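Engineer:
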Amino acid sequence: VNPADAPIITLALHSSALSPYQINEFAETRLAQRISQLSGVGLVTIGGQQRSSVRIQVNPQLIGSYGLNFDDIRTIVESANTNQAKGTFDGDRLSYTIESNDQLSTSEEFANLIIAYKNGNPLRLKDVGQVINDAENTKQAAWMNDKKAIILYVQKQPGSNIIQVAERVKGLLKKIEPTIPKNLEINIISDRTTTIRSSVEEAQFELLLAILLVVAVNYFFLRKVSFTIIPSVVIPLSLIGTLGAMYLMGFSLNNLTIMALVIATGFVVDDAIVMIENISRFIEMGYSAFDAALKGSSQIAFTIISLTISLIAVMIPLLFMGEVIGRLFKEFALTLSVCILI
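Right, dumping it as C-alpha cells:
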C-alpha cells in the first residue's frame with residue numbers, strides 16, 4: 420500500500436431538506452469537477468453515491484395472465500425510451516432533422532406507459548406492478564455520524580505538495596460558498612495536513628533546539644566568543660546550502676528530511692570544533708592567526724576529509740533500498756550527505 424495514495428482531505432455533504440439524489444448530483448456534477456480542476460489534485464472519488472434511477476417491479480403472475488413475460492416488458496420499455504429523430508424536412512439544398520427528447524425520466528412517466536391493449540382498454544405499466552424512484556445501487560451508502568451523506572475523497576498528484584493542495588481545496592470551498600444550495604452542509608471530516616503540520620512544526624523546533632544546544636556546548640568548552648562564532652556560522656550556511664540542494668532535487672521539507680538536518684548539524688559542528696581546536700593550539704604556541712589557520716587546517720585536513728567521506732559512505736546502502744521504505748530513506752540519506760559535504 421502506497422501512503423501517497425491515501426486521500427489528503429475528505430469531505431461530507433449532507434442535508435435535511437435535499438434528497439440524496441440532489442446532493443449526489445451537486446457533488447458529482449459541480450463540486451467534484453471543480454476540485455479535480457485544481458492544481459495538484461490527482462483524483463476525486465465519490466463514496467456512497469446515490470444516483471437517481473427508476474426501478475420497475477412487475478408481478479410475474481399478473482403479466483402472465485395478460486400473455487406477457489419479462490422480455491416483453493423489457494422490449495416495450497426500451498423501445499418507448501429510445502431517443503431518435505422523429506423525421507426530416509428535405510429541401511433542394513438543405514435537409515432538416517426533427518428531434519424531440521421525449522425519453523421517459525420519472526417514475527410517473529414510466530408508470531403511465533402503455534404496454535398493451537386488452538379488450539380495447541390500455542394496459543399500463545402501473546397496472547402490472549410498481550414503478551418507484553430509487554437509488555441506482557441500493558447496496559451502498561455513506562454516513563457522517565448518524566446523518567446519511569455523500570463523501571468526497573480527494574487525492575493529490577504524485578510529487579505535489581500536500582499542504583498546498585489541501586489549502587487550494589479549502590479555498591475553493593470558501594469561494595463557492597455563496598453558490599451552494601441552501602440547507603446543504605459541507606464538512607471536512609478528515610484532513611491529513613493537520614497531523615503533518617504538527618509533526619513538521621515539532622521537527623523544526625527540534626532542529627532549532629539542536630542548533631542552540633550545539634552553540635552553547637561549544638562556548639562552554641572553548642570559552643571564547645570568537646571561536647564559538649565560527650561553528651555558529653557554519654551551521655546555518657550548511658543548512659541553507661542543503662535546502663537549496665533539496666529544492667533542486669525536488670525534495671520537500673518533511674519529517675525525514677528535517678531529521679536528517681538535525682543529525683547533520685552535529686556532524687557539521689564536529690568538523691568545525693576539531694579544526695578550531697587545532698588552530699587555537701597553534702595560536703597558543705605563538706603563531707599569528709593567519710599562520711595558525713594555515714598550519715592547523717593543513718595538519719588535519721586529510722583526517723576531516725576522510726571522516727566526511729566515511730560518513731557519506733555509510734549512507735550509500737540506503738540509496739539502493741527498494742519499495743516505499745527505500746524511496747523515503749533516499750531523501751533522508753541524500754539530505755544528510757549533502758549537508759555534511761557542504
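Here the sequence shown is numbered in our numbering, starting from 420 and rising by one per residue.
Think of the CB as a built atom: it goes at the ideal place given N, C-alpha and C, for glycine as much as any other residue.
Quick caveat: nothing in here was measured; it's all calculated off a predicted structure.
(1) Just to check, is the beta-carbon of S498 closer than 6 Å to a non-hydrogen atom of the ligand COA?
(2) How long is the line joining the alpha carbons of Y485 and I442, rounded to whole angstroms?
(3) Give the straight-line distance between the Cα atoms of V420 and V743, rounded to the nearest whole angstrom.
(4) Measuring CB to CB, does N500 end up less than 7 Å from V547?
(5) Quick check on DSSP: helix, strand or coil for M563?
(6) Does DSSP put P541 in a helix, in a strand, or in coil?
(7) Buried or exposed, going by whether 16 or more other CB atoms sit within 10 Å of the CB of G590?
(8) On a CA-only basis, which of L544, P426, A561 and I427 is nearest V473? Give me that one, please.
(9) Please confirm whether G506 and I570 have their CB atoms less than 7 Å apart.
(10) Could you give the DSSP three-state label for Q718: helix, strand or coil?
(11) Using the C-alpha atoms, what's the distance from L450 back to G663?
(12) According to DSSP, simplified to helix, strand and coil, what is Q441?
(13) Are the Cβ atoms of I428 and V619 separated by less than 7 Å?
(14) Using the rule of at least 16 other Cβ atoms within 10 Å of the residue's Cβ for burial, across every protein chain shown, is F751 buried or exposed?
(15) Taking its Cβ as the centre, do 16 or more other Cβ atoms sit within 10 Å of D490, making it buried, or is it exposed?
(16) Within its chain, find whatever has a CB closer than 7 Å to the CB of Y706; leave out the 5 residues flanking it on each side and keep chain order.
(17) With DSSP collapsed to three states, give me the class of K589.
(18) Spell out the partners DSSP gives Q476 in its beta bridges.
(19) With DSSP as the reference, please indicate the residues paired to E604 in a beta bridge.
(20) Along the chain, where does the alpha helix (DSSP H) that runs through L827 open and close?
(21) Per the contact definition of three or more C-beta pairs closer than 8 Å, is the stretch 627 to 647 in contact with the stretch 671 to 679?
(22) Just to confirm, are R493 and E555 a CB contact at a threshold of 7 Å?
(23) Assign V420 to one of three DSSP states: helix, strand, or coil.
(24) Within its chain, find whatever has a CB closer than 7 Å to the CB of W562; leave out the 5 residues flanking it on each side and keep chain order.
(25) Between the alpha carbons of L627 and V681, how many angstroms are there, rounded?
(26) According to DSSP, simplified to helix, strand and coil, what is Y572?
(27) Figure out for me which residue from S609, E604, T598 and I595 has the closest Cα to the Cα of V573.
(28) Given this structure, state the Cα-to-Cα distance separating S651 from D690, to the nearest angstrom.
(29) Going by other Cβ atoms of all chains shown within 10 Å of its Cβ, with 16 needed for buried, is S434 buried or exposed?
(30) Can you look up L462 in the DSSP assignment and give me helix, strand or coil?
(31) Return the Cβ separation of Q623 and I677 in integer angstroms, given the expectation that the two are a contact with Cβ distance under 8 Å.
(32) Rounded to whole angstroms, what is the Cα-Cα separation between N580 and I615?
(33) What residue does the beta strand (DSSP E) around T516 start on, and which one ends it?
(34) Whole angstroms are fine: how far does the CA of S514 sit from the CA of I465?
(35) Between which two residues does the alpha helix (DSSP H) harbouring T754 extend?
(36) In or out: S657 buried (at least 16 other Cβ within 10 Å) or exposed?
Structural biologist: Straight from the coordinates:
(1) You won't find the ligand COA in this model; it holds no ligand whatsoever.
(2) 41 Å
(3) Confidence in V420 is poor, its pLDDT being 49 and thus under 50, which makes the residue's placement too unreliable to answer from.
(4) no
(5) strand
(6) strand
(7) exposed
(8) L544
(9) no
(10) helix
(11) 38 Å
(12) helix
(13) no
(14) buried
(15) exposed
(16) K714
(17) helix
(18) Q549
(19) H433
(20) A question about residue 827 goes unanswered here, because the residues of the chain that appear run from 420 up to 761.
(21) no
(22) no
(23) Residue confidence is low: V420 scores 49 on pLDDT, short of 50, so the model does not pin down where it sits. No coordinate-derived value is stated.
(24) A568
(25) 9 Å
(26) strand
(27) S609
(28) 13 Å
(29) buried
(30) strand
(31) 6 Å
(32) 11 Å
(33) S514 to I517
(34) 44 Å
(35) E742 to L760
(36) buried
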